[in-house]
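Chemist:
Residue numbers (this note's numbering), protein chains in the order written: chain A, 62 to 846; chain B, 62 to 846.
(1) What does the alpha-carbon distance come out to for the pair residue 578 of chain B and residue 695 of chain B?
(2) Name, going along the chain, the residues of the stretch 637 to 666 of chain B whose beta-carbon falls closer than 7 angstroms to a beta-carbon of chain A.
(3) For residue 17 of chain A, report the span of its beta strand (DSSP E) as first-last.
(4) Quick one: list the residues of chain B neighbouring residue 849 of chain A, beta-carbon separation under 8 angstroms, in chain order.
(5) Can you tell me the Cβ-Cβ gap for residue 780 of chain A and residue 795 of chain A, rounded? I've got them flagged as a contact below 8 angstroms.
(6) Kindly indicate if chain B contains any beta-carbon less than 8 angstroms away from that of residue 464 of chain A.
(7) Distance check for residue 172 of chain A and residue 76 of chain A, CA to CA, integer angstroms please.
(8) For the stretch 117 to 129 of chain B, which residues have a CB atom closer than 9 angstroms to at least one CB atom of chain A, in sequence order?
(9) Identify whether residue 188 of chain B lies in helix, strand or coil by the three-state DSSP scheme.
(10) With a 10 Å radius around its C-beta and 16 neighbouring C-beta atoms as the bar for buried, classify residue 62 of chain B as buried or exposed.
(11) By the three-class DSSP mapping on this structure, what secondary structure does residue 619 of chain B have?
(12) Rounding to the nearest angstrom, what Cα-Cα distance links residue 789 of chain B and residue 731 of chain B in this structure?
(13) Would DSSP call residue 77 of chain A helix, strand or coil?
(14) May I ask you to list, following chain order, the residues of the stretch 405 to 427 of chain A that have a beta carbon less than 8 angstroms from some beta carbon of chain B?
(15) Could you check the C-alpha separation between residue 844 of chain A and residue 383 of chain A for me, to the nearest Å?
(16) What does the Cβ neighbour count give for residue 656 of chain B, buried or exposed, with the cut at 16 atoms within 10 Å?
(17) Considering just the uninterrupted stretch of the alpha helix (DSSP H) at residue 376 of chain B, what are its terminal residues?
(18) Please list the partners that residue 459 of chain A has in chain B, where partner means a Cβ-to-Cβ separation under 7 angstroms.
(19) Under a CB-based cut-off of 8 angstroms, is residue 481 of chain A close to chain B?
(20) Should the stretch 631 to 646 of chain B be called in touch with the stretch 600 to 614 of chain B, which here means at least 3 C-beta pairs below 8 angstroms?
(21) Which same chain residues end up closer than 7 angstroms to residue 548 of chain B when comparing Cβ atoms and leaving out the 5 residues on each side of it in sequence?
(22) Between the beta-carbon of residue 204 of chain B and the beta-carbon of residue 210 of chain B, is there less than 8 angstroms?
(23) Let me know if residue 393 of chain B comes out buried or exposed under the rule of 16 or more other beta-carbons within 10 Å of its beta-carbon.
(24) Would you call the CB atoms of residue 660 of chain B and residue 431 of chain B closer than 8 angstroms?
(25) Relative to the C-alpha of residue 678 of chain A, which residue among A/433, A/829, A/282 is closest?
(26) Using a 10 Å radius around the Cβ and a threshold of 16 neighbouring Cβ atoms, would you call residue 423 of chain B buried or exposed?
(27) Quick one: what does DSSP say residue 845 of chain B is sitting in, helix, strand or coil?
(28) Closer than 7 angstroms by beta-carbon distance: list the chain B residues that pair up with residue 131 of chain A, in chain order.
(29) Find the nearest neighbour of residue 134 of chain A within the set B/639, B/358, B/827, B/408, judged by alpha-carbon distance.
(30) Would you say residue 81 of chain B reaches chain A, if we count a Cβ-Cβ gap shorter than 8 angstroms as a contact?
(31) Considering only DSSP beta bridges, list what residue 172 of chain A is partnered with.
(32) Does the stretch 747 to 757 of chain B come into contact with the stretch 118 to 131 of chain B, if we say contact requires no fewer than three beta-carbon pairs (one atom in each stretch) closer than 8 angstroms?
(33) For residue 335 of chain B, count the other beta carbons within 10 Å of its own beta carbon; 16 or more makes it buried, fewer makes it exposed. Which is it?
(34) Starting from residue 17 of chain B and walking both ways along the beta strand (DSSP E), at which residues does that stretch end?
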């Protein structure tokens with residue numbers, strides 16, 4: 062946990078004053094730059110010290126063994142792990158005869174600032190070498206949103222006093238030595254030096270390296286070029302070998318004289334293109350970047366972000382920490398997805414190797430709802446990626462003796478790579494989550510082409526899956542037995558409410574899509590009988606209810622289970638999965654993360670207000686929030702049932718997950734879904750936005766500390782803006798056609814440039830529910846207004 | 062499957078005519094000799110060809126990696142695998158200048174006979190070498206029941222015609238090269254040449270080798286000595302190196318002149334004793350064996366077996382195949398256990414490396430019921446071994462946050478080594494199975510010392526486990542959720558009827574034992590409150606019942622599940638677990654092996670006759686018998702409910718499991734539990750013997766083909782003999798006190814030497830239940846009378 066005030070709360074920046082080597086890995090994640098295609102961890106320019114060096118390209122991975130103590134049918138034979146590709150961030154500095162290394166000499170000042178508006182990471186440092194020579198160093202790094210293959214660094218060094226000999230080495234380094242992450246020697250063998258050299262070349266200030274992975278057959282090109290500015294004479298040399306390219310600049314600078322280098326980087330990869338094609342590709346990207354120039358890249362970056370923030374920004378009054386956190390969150394969600402372009406959005410984005418770089422249901426259930434209303438092109442691209450993986454998902458379904466498509470629980474390429482099936486393959490709800498995301502995107506954007514080409518087939522194939530996964534009991538009831546819902550402290554349960562309700566939406570969505578596009582549906586083999594079967598399954602879907610307790614069991618029998626002994630669970634025994642066997646967790650009433658409560662939010666149309674209040678009150682004391690996916694959902698539902706202070710506490714936790722390292726693993730990469738969850742907590746929670754059923758409704762209501770909440774959503778291509786104060790909400794529309802909306806259940810039509818304002822009705826919640834002892838939500842630091 | 066008539070049906074032998082190299086591995090298992098301490102696979106004397114060379118010592122194993130694709134709390138960090146120790150069976154023969162190898166030259170005849178009365182394996186062969194020289198070879202091999210550390214081989218070779226140069230090499234060979242069994246290079250590394258040399262010595266005709274395992278620290282000594290008989294001159298030399306000792310005998314024999322060698326072997330191992338102690342131990346055992354001499358060992362072996370058969374034999378009229386099979390079964394059960402002496406009885410005995418040499422619940426649930434009534438000292442020893450492992454089981458219980466002792470699902474040393482917890486650790490019923498075996502042993506033998514020193518603590522610790530594993534719901538009901546019953550096609554279910562009923566017996570058994578031995582119970586910390594809690598848990602134990610269908614669900618909700626699609630399951634898709642995911646098997650009505658039906662047998666006192674008939678009829682069409690543990694139990698219950706032909710068909714399958722290689726894996730070792738099951742099917746099935754509730758009852762009834770069934774059981778040290786014919790049953794008692802018995806529910810007192818005869822009442826079963834298509838029970842070959 063980051064226990065020092067690392068990142069002061071600024072509205073549009075995340076900054077770090079000083080350099081605490083104990084949280085180096087965490088800061089590398091927080092300061093990671095990415096455009097969804099390239100990801101650079103926030104490693105220091107000079108490479109060392111580091112928590113974990115990291116340069117990632119979306120979908121560049123290596124296979125590794127996936128061993129089983131006892132093998133089973135259908136277990137994935139091998140795993141996939143994101144790999145650290147050629148590091149182009151390196152700019153090493155020699156001051157007189159001593160390398161700049163913050164661990165030696167004296168670091169007189171060190172500041173890093175991530176600018177959320179500019180999309181750059183700025184660093185300044187003043188350092189005195191062990192022999193007493195002082196230099197001022199500054200660097201600015203960007204990964205371009207507008208040129209997908211491009212990153213760039215502007216680096217400057219100035220002697221503080223006295224003339225100094227300065228040597229800069231700007232490098233490309235492949236197969237960096239990494240800290241060990243596994244004790245399996247076969248995996249280590251596969252992941253140590255995973256890249257085989259194929260080509261290297263250097264001339265003038267330019268070099269490139271081409272490598273390929275051993276097993277997965279990914280060919281990777283990395284190239285660099287430089288412009289150098291210096292009032293003094295600079296000697297330049299370049300050299301290159303299989304795994305290293307190095308430009309060396311040597312000069313003598315007077316006090317205050319700057320040596321300034323702009324390093325342009327480009328990356329490309331392919332599983333099909335030849336060595337010449339890849340090297341040409343990265344050289345071309347480099348040529349474009351050089352032609353654009355540093356200032357041009359900076360300006361393009363700012364324009365891209367100005368456009369994004371215009372539609373996406375959430376503005377708060379009353380909580381500077383959350384204000385900063387939600388902008389950081391939106392920035393990172395964009396970084397994870399903006400240029401992913403039909404590649405997955407991994408759980409950690411491209412900020413670290415956590416979860417092997419895999420994508421999960423997080424994408425569709427947490428990230429896409431935010432992207433759909435803020436950067437819909439990126440949401441569409443992510444679903445187009447899923448669509449491209451339908452052949453693998455169909456094959457998996459056949460392997461599982463099911464119809465349709467069974468999308469993987471975790472993957473890079475679209476093939477199932479989960480090594481523990483009860484909390485992997487059995488979590489079939491991911492298929493309904495994908496369908497839900499497709500339904501939402503079509504509804505929010507009105508994108509008919511997407512609906513026809515992508516959405517329809519996703520819905521049809523997943524509906525077919527549900528049709529074969531469940532069955533009608535003799536009395537008609539449609540049951541889905543033996544699957545795992547979102548809560549990973551319960552597995553292989555019968556008729557999980559979330560799963561069944563989401564499957565119901567999936568089936569109905571498929572029916573509607575097939576009726577919208579009858580010709581395309583017919584091409585997919587859909588006929589009237591199939592549509593009727595989907596309708597019947599949806600209509601007769603079982604939603605278990607515990608009449609005695611007056612609540613919905615998370616799954617059949619759940620509320621009959623023994624309650625977890627929270628009283629005798631020590632605080633250092635969380636997360637529970639590290640201290641108790643799955644066996645014990647699965648069979649007791651203890652909830653890792655919102656599951657039934659997630660259903661209350663995602664399928665709010667299926668519950669009455671009273672049911673929501675009772676269900677929420679029942680599950681709060683059982684939910685330990687050992688997953689970063691929980692707090693935001695609990696925030697949403699706490700707000701809906703009127704526990705605004707509780708909702709606010711959950712919001713704080715969700716928003717500050719990574720900035721305060723609340724899950725103790727930010728060093729492995731950011732929690733992109735939890736970051737998206739900060740947006741969900743604000744917009745769906747305090748904004749009360751709901752989008753089920755073809756329209757948008759709001760039920761805004763602020764917690765005490767927040768005096769104003771302003772957010773926008775993109776709806777049918779228009780910007781719909783909501784300003785909430787404690788007493789009222791004002792809705793306005795940027796242009797286009799009038800929109801039918803609801804405010805706390807009251808329907809109204811919003812017309813362009815005709816804002817309307819409604820008062821916010823009061824709510825009387827029941828007693829505030831308690832949480833398991835020690836698991837009350839909260840931020841680390843006192844809130845500052 | 063052995064599809065040639067390999068083993069003609071003889072009542073007291075299992076013989077093989079000719080040598081089919083395609084079933085070599087199977088015959089090595091069938092002809093394995095063991096006394097429970099040493100196990101020698103039936104490899105040819107000359108070592109090659111072989112299916113799998115095997116020499117095992119009970120509990121000599123090596124650790125190996127137990128890898129997990131995704132790790133979890135409480136997963137065993139390493140596995141244990143039985144290892145092939147020093148091979149002392151080798152006697153190689155050179156005829157003129159050509160090695161005797163059945164793959165070359167001409168094998169004019171080859172016969173092997175396992176004598177179930179003599180306890181030896183006899184082999185005769187006539188072979189003509191590629192250059193035309195013929196020899197007659199005979200060998201007799203035994204593993205001594207009376208001298209635990211000893212095996213011996215009498216080997217003789219005679220030229221058929223013309224004088225021949227003959228060389229015999231008698232060897233000890235350590236670290237034999239084995240066929241690969243795993244693709245994990247770490248496991249291969251651990252198990253290739255697992256024995257490190259420590260000492261070797263040879264003089265005269267005697268040699269020994271001492272080795273130790275790398276990780277598990279087992280020190281192993283193997284020694285050999287020889288006597289040589291030959292009318293011609295024999296030159297003798299002996300040599301020895303780290304992994305090999307070799308006695309070489311060279312002679313020239315005239316036609317018909319024999320060279321006869323008796324090879325005495327001894328083995329010893331320890332995890333504590335020093336090199337000198339181990340070498341002395343094996344030399345001493347060897348000295349005793351030599352002093353006893355070959356004829357003496359043979360005579361002792363016969364006496365030991367005569368004594369065993371007097372109490373254990375089952376005599377049949379009407380089915381020669383089953384007659385042979387049940388004697389083979391009883392012989393192998395004895396071989397697996399006779400001298401195990403507080404070491405485990407592995408699932409494969411010491412006949413092969415299957416299941417890594419682990420012991421499972423098979424021991425207590427299948428093997429011990431047979432041993433209790435035929436060789437009670439061996440049953441007691443097996444339970445004493447469990448008792449010795451209580452510290453490990455207590456530690457495991459604590460790790461699982463449970464009270465008492467949690468015995469391992471699979472193990473060699475007593476520590477859990479299961480790598481798949483849903484079908485391993487979660488199968489807690491093994492604890493009740495151990496308790497059940499202890500209750501049965503005390504009841505059958507009246508062994509008070511065992512009861513006090515072993516049984517009590519086993520019962521108390523397992524009762525404590527159940528007490529913490531289950532809980533009383535608000536209405537009092539005692540529930541055991543989230544555990545796995547015997548059926549491995551269902552896992553993590555709630556209130557498995559078998560588990561709950563066996564736990565109930567366990568709890569009540571603990572109450573009674575604590576009351577029998579109040580002082581010892583107090584020493585174990587048992588007080589009145591604890592006893593009362595056990596009684597209450599037993600009294601309020603939930604036994605689910607499906608009122609609508611009028612049957613017991615195997616576990617709660619089971620009968621509500623979708624039925625497996627047997628109709629579209631191809632015959633080559635069995636066993637199902639190799640062709641379908643656990644996910645699908647677990648959530649449907651498909652049963653791998655008797656589970657509820659096992660409860661009907663083991664806890665028959667908890668069901669009415671009508672319930673048994675209905676339940677049996679319900680589960681037959683769902684049970685695919687993909688486990689070798691099923692047929693015998695289905696036989697017992699089919700007999701009880703009156704489906705005698707069906708019971709007879711199941712008996713045939715259980716009895717011929719290994720002789721006909723019905724499970725296609727006899728080559729890895731015999732199915733000791735299924736072999737014991739042949740006894741169970743005859744004695745509990747057609748003999749109708751039941752032993753719940755402190756007394757013994759019989760309800761014999763023969764199927765058409767059987768005209769007489771005679772068996773004995775040892776009860777309170779006396780031999781109780783039952784002779785069943787189609788019309789009547791005669792009971793007689795060898796001596797001792799009168800015994801209270803029941804015949805088809807009619808109570809009577811049986812006095813020594815006062816046989817009584819009762820008629821057998823008729824039974825009218827309902828319609829014969831069907832099995833899943835293609836899974837009807839049956840033997841491979843037509844039955845011969």
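No residue lacks a Cβ here, since even glycine has one placed at the ideal position from N, Cα and C.
Modeler: Quick look at the numbers:
(1) Approximately 37 angstroms, taken between the alpha carbons.
(2) Listed by position, the residues of the stretch 637 to 666 of chain B near chain A (Cβ gap below 7 angstroms) are 638, 639, 640, 641, 642, 643, 644, 645, 647, 648.
(3) Nothing about residue 17 of chain A can be read from this structure; chain A reaches only from 62 to 846.
(4) For chain A, the structure presents residues 62 to 846; residue 849 of chain A sits outside this window and is missing.
(5) Their Cβ separation, rounded to whole angstroms, is 4 angstroms, which keeps residue 780 of chain A and residue 795 of chain A in contact under 8 angstroms.
(6) Not closer than 8 angstroms to any Cβ of chain B, the Cβ of residue 464 of chain A fails to qualify, so no.
(7) Taking the straight line joining both Cα atoms gives about 7 angstroms.
(8) Residues 126, 127, 128, 129.
(9) In this structure, residue 188 of chain B counts as strand in the three-state DSSP scheme.
(10) Confidence at residue 62 of chain B is low in this model, with a pLDDT of 39, below 50, so the placement of that residue is unreliable and no value is reported for it.
(11) The DSSP-derived three-state label of residue 619 of chain B is helix.
(12) Answer to the nearest angstrom: the Cα atoms are 35 angstroms apart.
(13) Strand, per DSSP.
(14) Answer set for the stretch 405 to 427 of chain A: empty.
(15) For residue 844 of chain A, the predicted structure reports a pLDDT of 37, less than 50, and the residue's modelled location is therefore unreliable. The matter cannot be settled from this model.
(16) Sixteen is the threshold: when 16 or more other Cβ atoms of the shown chains lie within 10 Å of the Cβ of residue 656 of chain B, as they do, the residue is buried.
(17) Element bounds for residue 376 of chain B: not the alpha helix (DSSP H) but the beta strand (DSSP E), 375 to 378.
(18) Residues of chain B passing the Cβ test: none, with the nearest at roughly 12 angstroms.
(19) By the rule that beta-carbons nearer than 8 angstroms mark a contact, residue 481 of chain A touches chain B.
(20) With a cut-off of 8 angstroms, the stretch 600 to 614 of chain B and the stretch 631 to 646 of chain B do not count as touching, because too few Cβ pairs lie within range.
(21) Contacts found: 615, 652, 653, 654, 656.
(22) Taking 8 angstroms as the cut-off, the Cβ atoms of residue 204 of chain B and residue 210 of chain B do not count as close.
(23) By the 10 Å Cβ count, residue 393 of chain B comes out buried.
(24) In this structure, residue 431 of chain B does not lie closer than 8 angstroms to residue 660 of chain B by Cβ.
(25) Residue A/829 is the option with its Cα nearest to residue 678 of chain A.
(26) Buried, since its Cβ has 16 or more Cβ neighbours within 10 Å.
(27) Any reading at residue 845 of chain B is ruled out, since the residue's pLDDT is 35, under 50, leaving its predicted position unreliable.
(28) 480, 481, listed in chain order.
(29) Closest option to residue 134 of chain A, Cα to Cα, is B/639.
(30) No, its Cβ sits nowhere closer than 8 angstroms to a Cβ of chain A.
(31) Answer is A/78, A/185, bridged to residue 172 of chain A.
(32) Taking one beta carbon from each stretch, the stretch 747 to 757 of chain B and the stretch 118 to 131 of chain B have fewer than 3 pairs nearer than 8 angstroms; the two do not touch.
(33) For residue 335 of chain B, the number of other beta carbons within 10 angstroms of its own is below 16, and it is reported as exposed.
(34) For residue 17 of chain B there is no data in the structure shown, the boundaries of chain B being 62 and 846.
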